[in-house]
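S.K.: Numbering (my numbering) for the sequence shown: 33 to 807.
Let me give you the structure first, and then I'll get to my questions.
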Amino acid sequence: MSAPQLGPWKHRLTALHAELRAFLIGRARPGHTSTVFDGRVFHLRPEAYAGLRQNDRHPEAIEKAWHVFELLGRDERLAEIFPELALASLAIRTLQAGRLPAVLDTIEGIVVDEVQDLTLLELSVVVELWRRLAQRRPEPPLLLLAGDEGQTVRPSGFRWGPYKDWLSERIAPPRDYELGESLRCPANIVRTFDRAARYYRKLPREERPARQRRDSPAAPGGHLIYVATENQQQAASLIHELCEEEALVVVSLEDEVPEHIWSPALIKGLERQTVVVLNPGAVLERLDRFVSEENFAFDREDYRTEVDRLRVALSRSSETLVFLDVAPTAAQRACSLRLLGDDAVEVAPHELLNSLEQAELSLLERIQARLEEFTARIDEDPSQALQLALRARELQLRIQSLGEHIPARIAREVSRAILSATARLLVDDHPTEVDAPELQQAREAARELGLEHLRALDELVRWHRSGRTFPAALLQAACQLPDEAEWLRQALSAIAYSLHAALEHGARSPESAAVFLEDVASWLRFLDYGGNVEEAVRRLRGLAFDALLAAGNLATAEQLLEHIHPPDLLRKGRLLEARDALEEAIEVYLQAGAHTEAERVRQRLYHFRNHTLQRFRRLADQCSDPEQIPVLISMLSGAQQRLAFWYIRLCLETKHGSDDQSPLHPFLGYLEAVHAHAELLEDPELMMLGALEELSRRRHRACGAATRLLFERFGTRSMARRLLASPIGELPECSEPAVFCLAASVLETLRNCPPYQKLLAFSDHGKPTRGPAES
Numbered sequence: 033m034s035a036p037q038l039g040p041w042k043h044r045l046t047a048l049h050a051e052l053r054a055f056l057i058g059r060a061r062p063g064h065t066s067t068v069f070d071g072r073v074f075h076l077r078p079e080a081y082a083g084l085r086q087n088d089r090h091p092e093a094i095e096k097a098w099h100v101f102e103l104l105g106r107d108e109r110l111a112e113i114f115p116e117l118a119l120a121s122l123a124i125r126t127l128q129a130g131r132l133p134a135v136l137d138t139i140e141g142i143v144v145d146e147v148q149d150l151t152l153l154e155l156s157v158v159v160e161l162w163r164r165l166a167q168r169r170p171e172p173p174l175l176l177l178a179g180d181e182g183q184t185v186r187p188s189g190f191r192w193g194p195y196k197d198w199l200s201e202r203i204a205p206p207r208d209y210e211l212g213e214s215l216r217c218p219a220n221i222v223r224t225f226d227r228a229a230r231y232y233r234k235l236p237r238e239e240r241p242a243r244q245r246r247d248s249p250a251a252p253g254g255h256l257i258y259v260a261t262e263n264q265q266q267a268a269s270l271i272h273e274l275c276e277e278e279a280l281v282v283v284s285l286e287d288e289v290p291e292h293i294w295s296p297a298l299i300k301g302l303e304r305q306t307v308v309v310l311n312p313g314a315v316l317e318r319l320d321r322f323v324s325e326e327n328f329a330f331d332r333e334d335y336r337t338e339v340d341r342l343r344v345a346l347s348r349s350s351e352t353l354v355f356l357d358v359a360p361t362a363a364q365r366a367c368s369l370r371l372l373g374d375d376a377v378e379v380a381p382h383e384l385l386n387s388l389e390q391a392e393l394s395l396l397e398r399i400q401a402r403l404e405e406f407t408a409r410i411d412e413d414p415s416q417a418l419q420l421a422l423r424a425r426e427l428q429l430r431i432q433s434l435g436e437h438i439p440a441r442i443a444r445e446v447s448r449a450i451l452s453a454t455a456r457l458l459v460d461d462h463p464t465e466v467d468a469p470e471l472q473q474a475r476e477a478a479r480e481l482g483l484e485h486l487r488a489l490d491e492l493v494r495w496h497r498s499g500r501t502f503p504a505a506l507l508q509a510a511c512q513l514p515d516e517a518e519w520l521r522q523a524l525s526a527i528a529y530s531l532h533a534a535l536e537h538g539a540r541s542p543e544s545a546a547v548f549l550e551d552v553a554s555w556l557r558f559l560d561y562g563g564n565v566e567e568a569v570r571r572l573r574g575l576a577f578d579a580l581l582a583a584g585n586l587a588t589a590e591q592l593l594e595h596i597h598p599p600d601l602l603r604k605g606r607l608l609e610a611r612d613a614l615e616e617a618i619e620v621y622l623q624a625g626a627h628t629e630a631e632r633v634r635q636r637l638y639h640f641r642n643h644t645l646q647r648f649r650r651l652a653d654q655c656s657d658p659e660q661i662p663v664l665i666s667m668l669s670g671a672q673q674r675l676a677f678w679y680i681r682l683c684l685e686t687k688h689g690s691d692d693q694s695p696l697h698p699f700l701g702y703l704e705a706v707h708a709h710a711e712l713l714e715d716p717e718l719m720m721l722g723a724l725e726e727l728s729r730r731r732h733r734a735c736g737a738a739t740r741l742l743f744e745r746f747g748t749r750s751m752a753r754r755l756l757a758s759p760i761g762e763l764p765e766c767s768e769p770a771v772f773c774l775a776a777s778v779l780e781t782l783r784n785c786p787p788y789q790k791l792l793a794f795s796d797h798g799k800p801t802r803g804p805a806e807s
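Below, the structure written as structure tokens:
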């Protein structure tokens, strides 16, 4: 951006970033009239932002900050520059829409530590989550926020006042609990920490963090050491030696932190026996320069964050605090010594390690120190954590080479640490790949824990190399881990949502659907699935069944259906329908309450019957000589051949007969034959109906007698249903209405069935009636 666009911010881009992050975007309150959503992030309206900063910023600075924000939004750069605020906005929109992931339903309480590093917008994610949970639960969940205004490590604009006001508006007025006692640092370090608080005096009172002095005395003691190197090379060599010490950490106050060196954000919440603060003199000199500049008002938020970061670093030591300045100026040296106070001891760089007055740690203690550092690093930097675990393994091998005993608990903890870091890198798709030697060491660590762990690691590697797709084999291997499975559980739980989505995708594929016959519930429990596991399993297996059914794999689909609990009648009906067991499908659909599906299958059954009868009729119409019958019935098989022989011969006799009564006995003989072969036929009643419809079609007066015999001798409910499923034009013309009354009594429970309504029209000697009551 050009200088005119930036205005008074042109030489203060860091301060401008802090202004936008902490106030224009960070003070947004979703759901409040002061706040709008621009498609990427929530932010304050221009008038709300101007009102918020009118006492702290010149009107031109406010105007230019808003102009820069608009330009970034127009270029779609906001999500790139403020990714955490864009993600917070997306989460809030999701929660406001009522889309709460099922895994969060079981939350009983929310605890947020270091809340001072959250902008008001980021805190709103927690607020909206609490509100959604409170709507779903009989008792609202616990909400506990802990923080210190004087320990921010990034520009957040944190002040307890506005944060409490927002909590009061959205939830309820919070209750305060103050902790004023230092439980970590000895007295000399506490005094240095308190002296650093004097830098807050340069800020307006309303911008200073509250209560930064300790009320109760700290434990006596504590060592303060000052070291100054002559050049960068000497400093690099010394820092390398310091990083090899297990009970010691080096902390840099700069934004860019080299490998093996800690940042205030990373070390916050932890403690170490010795803390070495790198280049504090340069930071203190920069703070003094901020104050002396004419436009200090622009840099106040940045200034306060610098002081907070310094005090975070000072408060991490439980025994010794070291200031290490690299080639300092006289002013920088003076700043460091002034802050350390009169209790500080100045030592030469080459004497530092001896002057720390540390007892030499044993190899076992050094392993334990590496494991403690591993625990602190694993979430923030799994790549660095893996290196710490491998260094612990090197120390373990040294102990074993000396013939000394190492407790089995420590040895297994080292193996788990190696596996845990390796799994994180593979699961998170970390930019730092696990190279072949590291992977080999991970396999050796897995082998020490047991063959199940080795198989699980191999499946994890295979899943990673295959593009992180369908995870069923990986989850099966994970569920077979007998114990100490946390190294894999914690890694996979971090991507539980994407794994569950991958399972759904796999369930929809016929190629992978069969695997859902396995113990799917165990997979979800391994991932700490927070929703209803039984419902999730039923859904996944239902999707897999649908995929198999669509692919025509009915045998596997039936096996899967047996594993769905409670029974899924609708899908059972679809399976029966796919197997052409249409009558059974109808009954199952009716049990499931799927009346539309039942009616659809009834229609399909009717068309199926018509097709079969039409096939018989075509054969009969083609036959003009009994010698042709064997050729025609060769198109059929089994018992159908024998019945077709009867049927075609019957039709031939009908064609050649002149007496209307003559076909009666052959037809009755045909019915007798169907009855005799009923056990060999898939649908004997269909064959009976065929004969009846043939009589009806030819309008024989024997129809009445045949119909009566049909119901008296072979009559069933399904027979009545089939008879009445015929179109109205094909219903027999019968002078015996009793036959239809019998059918009506059978169908008494089917009053909404269209065939029943058709029947009413023929109950009065074949004449339509005036209404259902008369019928």
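We put the CB at the ideal spot given by N, CA and C, even for glycine.
#1: Are the segment 444 to 464 and the segment 314 to 331 in contact at 8 angstroms, needing three or more beta carbon pairs?
#2: Whose CA, out of 511, 529 and 530, lies closest to the CA of residue 521?
#3: Counting C-beta neighbours from all protein chains within 10 Å, is the total for residue 605 16 or more, i.e. buried, or is it exposed?
#4: From the DSSP secondary-structure annotation, give me the bridge partner or partners of residue 560.
#5: Could you check how far apart the C-beta atoms of residue 614 and residue 603 are, in whole angstroms? I think they sit under 8 angstroms.
#6: Would the segment 543 to 560 and the segment 570 to 580 be scored as touching if the rule is three or more Cβ pairs under 8 angstroms?
#7: Give me the residue from 372, 489, 297 and 409 with the minimum Cα distance to residue 185.
#8: Ends of the alpha helix (DSSP H) at residue 160?
#9: Please return the same chain residues whose Cβ sits closer than 7 angstroms to the Cβ of residue 381, not counting the five positions on each side in sequence.
#10: Hey, residue 225 and residue 409: beta-carbon distance below 8 angstroms or not?
#11: May I have the straight-line CA-CA distance separating residue 528 from residue 556, to the nearest angstrom?
#12: Classify residue 351 as helix, strand or coil using the three-state DSSP reduction.
#13: Please list, in chain order, all residues of the same chain as residue 192 whose beta carbon is under 7 angstroms from its beta carbon, the five residues on each side excluded.
#14: If you check the beta carbons only, do residue 188 and residue 150 fall under 8 angstroms apart?
#15: Return the residue from the list 256, 484, 419 and 61 that minimises the CA-CA distance to residue 77.
#16: What's the C-alpha gap between residue 450 and residue 518?
#17: May I ask which residues mark the beginning and end of the beta strand (DSSP E) holding residue 368?
#18: Can you give the beta carbon distance from residue 492 to residue 506, rounded, assuming they're within the 8 angstroms contact cut?
#19: Anyone know if the C-beta pair for residue 489 and residue 474 falls short of 8 angstroms?
#20: Would the beta-carbon of residue 385 fall within 8 angstroms of that of residue 431?
#21: Using the rule of at least 16 other Cβ atoms within 10 Å of the residue's Cβ for burial, across every protein chain shown, is residue 341 buried or exposed?
#22: So, are the CB atoms of residue 339 and residue 310 less than 8 angstroms apart?
#23: Check the C-beta distance from residue 355 over to residue 368 and give it rounded, since I have them as a contact under 8 angstroms.
#24: Report all residues from its chain with a CB closer than 6 angstroms to the CB of residue 176; omit the five preceding and five following residues, and keep chain order.
#25: Which residues mark the beginning and the end of the alpha helix (DSSP H) in which residue 660 is found?
#26: Candidates 552, 388 and 405: which alpha carbon is nearest residue 353's?
#27: Counting C-beta neighbours from all protein chains within 10 Å, is the total for residue 731 16 or more, i.e. buried, or is it exposed?
#28: Tell me where the beta strand (DSSP E) around residue 305 begins and ends.
#29: Taking the alpha carbon of residue 227 as the reference point, which residue from 383, 525, 374 and 419 has its own alpha carbon closest?
#30: Are residue 896 and residue 350 touching if we call contact CB-CB under 8 angstroms?
#31: With DSSP as the reference, label residue 284 as helix, strand or coil.
#32: Less than 8 angstroms between the beta carbons of residue 42 and residue 35, yes or no?
#33: Take residue 157 and list the residues in its own chain whose beta-carbon comes closer than 8 angstroms to its own, dropping the five residues that flank it on each side.
#34: Any idea what DSSP makes of residue 174, helix, strand or coil?
#35: Does DSSP put residue 209 in a helix, a strand or coil?
#36: Less than 8 angstroms separating the beta-carbons of residue 145 and residue 301?
M.R.: Let me lay it out:
#1: no
#2: 511
#3: buried
#4: BP columns for residue 560 are empty, so no partner.
#5: About 16 angstroms; that fails the 8 angstroms criterion.
#6: yes
#7: 297
#8: 152 to 168
#9: 259, 261, 266 and 270
#10: no
#11: 9 angstroms
#12: strand
#13: 181 and 242
#14: yes
#15: 61
#16: 12 angstroms
#17: Per DSSP, residue 368 belongs to no beta strand (DSSP E); it is in the alpha helix (DSSP H), 362 to 372.
#18: 6 angstroms
#19: yes
#20: no
#21: buried
#22: no
#23: 5 angstroms
#24: 143
#25: Residue 660 -> no alpha helix (DSSP H), and no H or E assigned at all.
#26: 388
#27: Here the model assigns residue 731 a pLDDT of 40, short of 50, so the residue's position is not dependable, and the following value carries that caveat. Counting Cβ neighbours within 10 Å, residue 731 comes out exposed, since fewer than 16 surround it.
#28: 304 to 310
#29: 374
#30: Residue 896 is absent from the structure shown; the chain starts at 33 and stops at 807.
#31: strand
#32: yes
#33: 120, 123, 124 and 127
#34: strand
#35: coil
#36: yes
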